[in-house]
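Residue numbers (my numbering), protein chains in the order written: chain A, 24 to 396; chain B, 3 to 126.
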């Protein structure tokens, strides 16, 4: 190596290159980095836009089978893609859950009204699945528009912090968008998704004890009903949302209503739901614990906890682990294979932690798309 | 395009490595630093071309496997099961009009699912 050699006729080139290197990277290093980040965001945006456009097209194709022309549907879907919900003020938290619940009921009513207008020939069950299709298309459009907003804003203002945050969150945003993009086909065709595992398990459990679609008591609360069955001389109310259309209903309020009706007779509430698995965990793994397994924004979980605490009712949960892609995508075989194990755990919970003559509420939480009564 | 860019990247990186080696030989005393830096720059460019492109997780995703419907005979003494492609209108626990070809019992949809590729087993 000649680094210690005497200067020669080419030394000035090395010196010049060295200083140029220092100058360029100290003055423009951050700009080069920003440029790289912006390019990475652009690549992500292209993918997000593709997913948003495809989901919009799928929604249009799905709706056109129900009595409206394509132009009208496209125009209305574009109008609806901007629909928003303003969360209630929480500076004064008193009564915030009631207000959230009220707002979400209003939102749900508007969705129903819109779907009825856009698909007049759809059955009630189909309308529920169409609502889900619309929601997925709306979410994908929203993700794209938000990311684009921060990309343009970051570029316009030259703000490193804005660009850096978007670039760092991009893999997670793409993962989420891909999960929803994969789900739109399931919703459009009425296929069961990973999240339907809760209602499916409780229905299969109820059927083992003689429940039939005719024995299902409809509309205890919005889109939720129950089967009343006898399990080893215990009365079990099996709560789930109606199906096979796609709805989650309001099972939390249905549980509260049943407890209010039967008061101290109810000794146990068991909730069954899908839960997000940790990376590295096996798909379809079953876990159990204490508390209400329900992933709503707050009001329903609060209703279950409140009523259980007031009446001193034991509350437990059994969850089936899955990732986001499987939870909103078509049902995975590994998740479906968990059904017998969960049914055994329910039987064991009822036998070991309740007495003869007790009332038990078993609730299957989740979307009921593709799961019959 | 993928293979071609890899070949070009490899060629540039190899050229860089050669220049680096050449710069280290005693007879190149005067040009050694220039060759050294040129070699490093070429190797950097070559390796960035060689390793650029989509990572494994970003590669074009495989299409989702087909959704299947699993029908089962409801007669407890019959184990007949049929798996077919999903048809619109299918839902789990739907009682089918078709009868069991084995015992004439009623058929019901027991499952609708897809078989996704197994995830890689974690190292720990």
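Glycine included, every Cβ here is placed at the ideal spot set by N, Cα and C. This structure is a prediction, so every number in the text was calculated from the model and none was measured.
Within 8 angstroms, strictly: CB atoms of residue i and residue j
i: residue 353 of chain A; j: residue 214 of chain A; result: yes
i: residue 355 of chain A; j: residue 217 of chain A; result: yes
i: residue 294 of chain A; j: residue 320 of chain A; result: no
i: residue 85 of chain B; j: residue 66 of chain B; result: no
i: residue 379 of chain A; j: residue 256 of chain A; result: yes
i: residue 285 of chain A; j: residue 174 of chain A; result: no
i: residue 339 of chain A; j: residue 372 of chain A; result: yes
i: residue 37 of chain A; j: residue 35 of chain B; result: yes
i: residue 183 of chain A; j: residue 66 of chain A; result: no
i: residue 348 of chain A; j: residue 299 of chain A; result: no
i: residue 190 of chain A; j: residue 334 of chain A; result: no
i: residue 249 of chain A; j: residue 232 of chain A; result: no
i: residue 185 of chain A; j: residue 197 of chain A; result: no
i: residue 14 of chain B; j: residue 44 of chain B; result: yes
i: residue 262 of chain A; j: residue 100 of chain A; result: no
i: residue 68 of chain A; j: residue 162 of chain A; result: no
6 angstroms CB neighbourhood of residue i in its chain, flanking five on each side removed
i: residue 1 of chain A; result: Residue 1 of chain A is absent from the model: chain A starts at 24 and stops at 396.
i: residue 399 of chain A; result: Outside the shown range of chain A (24 to 396) lies residue 399 of chain A, about which nothing can therefore be said.
i: residue 246 of chain A; result: 264, 265, 270 and 272
i: residue 77 of chain B; result: 105 and 107
i: residue 234 of chain A; result: 250 and 252
i: residue 50 of chain A; result: none
i: residue 254 of chain A; result: 232 and 373
i: residue 322 of chain A; result: 120, 123 and 124
i: residue 239 of chain A; result: 248, 250 and 396
Closest Cα partner of residue i within the set the options
i: residue 82 of chain B; options: B/89, B/74 and B/88; result: B/74
i: residue 358 of chain A; options: A/220, A/291 and A/257; result: A/220
i: residue 10 of chain B; options: B/86, B/106, B/84 and B/49; result: B/49
i: residue 305 of chain A; options: A/237, A/345 and A/94; result: A/345
i: residue 87 of chain A; options: A/250, A/124, A/139 and A/36; result: A/139
i: residue 6 of chain B; options: B/45, B/22 and B/53; result: B/53
i: residue 124 of chain B; options: A/384, A/113 and A/303; result: A/303
i: residue 1 of chain B; options: B/44, B/100 and B/21; result: Shown here, chain B extends from 3 to 126; a query on residue 1 of chain B therefore has no answer.
i: residue 350 of chain A; options: A/307, A/324 and A/334; result: A/307
i: residue 178 of chain A; options: A/41, A/54 and A/342; result: A/54
i: residue 16 of chain B; options: B/42, B/28 and B/27; result: B/42
i: residue 168 of chain A; options: A/187, A/35 and A/73; result: A/73
i: residue 146 of chain A; options: B/51, B/40 and B/91; result: B/91
i: residue 397 of chain A; options: A/242, A/229, A/131 and A/164; result: Given a span of 24 to 396 for chain A in the structure shown, any question on residue 397 of chain A remains unanswerable.
i: residue 98 of chain A; options: A/137, A/115 and A/40; result: A/137
i: residue 149 of chain A; options: A/101, A/135 and A/44; result: A/135
i: residue 143 of chain A; options: A/226, A/89, A/199 and A/172; result: A/89
i: residue 118 of chain B; options: B/87, B/88 and B/64; result: B/64
i: residue 415 of chain A; options: A/236, A/241 and A/332; result: Here chain A covers residues 24 to 396 and nothing more, so residue 415 of chain A does not appear.
Cβ-Cβ separation, residue j to residue i (assumed contact under 8 angstroms), whole Å
i: residue 370 of chain A; j: residue 326 of chain A; result: Wrong, their Cβ atoms sit about 27 angstroms apart, outside the cutoff.
i: residue 91 of chain A; j: residue 141 of chain A; result: 6 angstroms
i: residue 267 of chain A; j: residue 395 of chain A; result: 5 angstroms
i: residue 35 of chain A; j: residue 187 of chain A; result: The Cβ separation is near 39 angstroms, so there is no contact.
i: residue 75 of chain A; j: residue 164 of chain A; result: 5 angstroms
Same chain, Cβ closer than 8 angstroms to residue i, neighbours up to 5 away in sequence not counted
i: residue 390 of chain A; result: 155, 216, 218, 219, 222, 264, 269, 270 and 271
i: residue 330 of chain A; result: 278, 279, 282, 283 and 336
i: residue 25 of chain A; result: Any reading at residue 25 of chain A needs caution, since the residue's pLDDT is 47, under 50, leaving its predicted position unreliable; the model's value is listed next. No residues qualify anywhere along the chain.
i: residue 113 of chain B; result: 71, 72 and 94
i: residue 110 of chain A; result: 123 and 126
i: residue 368 of chain A; result: 309, 311 and 341
i: residue 18 of chain B; result: 40, 41, 42, 43, 44, 45, 46, 47 and 48
i: residue 199 of chain A; result: 166 and 347
i: residue 93 of chain A; result: 83 and 87
Own chain partners of residue i with C-beta closer than 7 angstroms, once the 5 adjacent residues on each side are dropped
i: residue 224 of chain A; result: 295, 362, 365, 366 and 387
i: residue 375 of chain A; result: none
i: residue 97 of chain B; result: 108 and 110
i: residue 159 of chain A; result: 78, 203, 206, 207 and 210
i: residue 393 of chain A; result: 213, 214, 215, 219 and 267
i: residue 324 of chain A; result: 275, 315 and 317
i: residue 107 of chain A; result: none
i: residue 80 of chain B; result: 102, 104, 105 and 107
i: residue 377 of chain A; result: 257, 290, 291 and 383
i: residue 8 of chain B; result: 52
i: residue 130 of chain A; result: 108
Chain-ordered chain D contacts of residue i [CB-CB under 9 angstroms]
i: residue 88 of chain B; result: In the structure shown, chain D does not exist; the protein chains are A and B.
* To do: Could you name each continuous alpha helix (DSSP H) segment of 4 residues or more that falls completely within the region 318-350 of chain A, going from the start of the chain to the end?
  => Runs of the alpha helix (DSSP H) inside the region 318-350 of chain A: 322-334.
* Taking only runs of the beta strand (DSSP E) that begin and end inside the region 272-307 of chain A, which ones reach a length of at least 3 residues, in chain order? -> 289-299
* Curious, which full-length alpha helix (DSSP H) runs of at least 4 residues does the region 213-263 of chain A contain? -> Runs of the alpha helix (DSSP H) inside the region 213-263 of chain A: 220-231.
* Can you give, in chain order, each stretch of the alpha helix (DSSP H) that sits fully within the region 347-381 of chain A and has at least 4 residues? -> Complete alpha helix (DSSP H) runs here, min 4: 347-351, 356-359 and 362-376.
* Just list the beta strand (DSSP E) runs in the region 152-209 of chain A, keeping only unbroken ones of 3 residues or longer that don't cross its boundaries, in chain order. => none
* Scan the region 78-109 of chain B and note each continuous beta strand (DSSP E) run of 3 residues or more that stays entirely inside, going in chain order. => 83-87 and 97-101
* May I have a chain-ordered list of the alpha helix (DSSP H) segments no shorter than 4 residues that lie completely inside the region 85-123 of chain A? => 93-103
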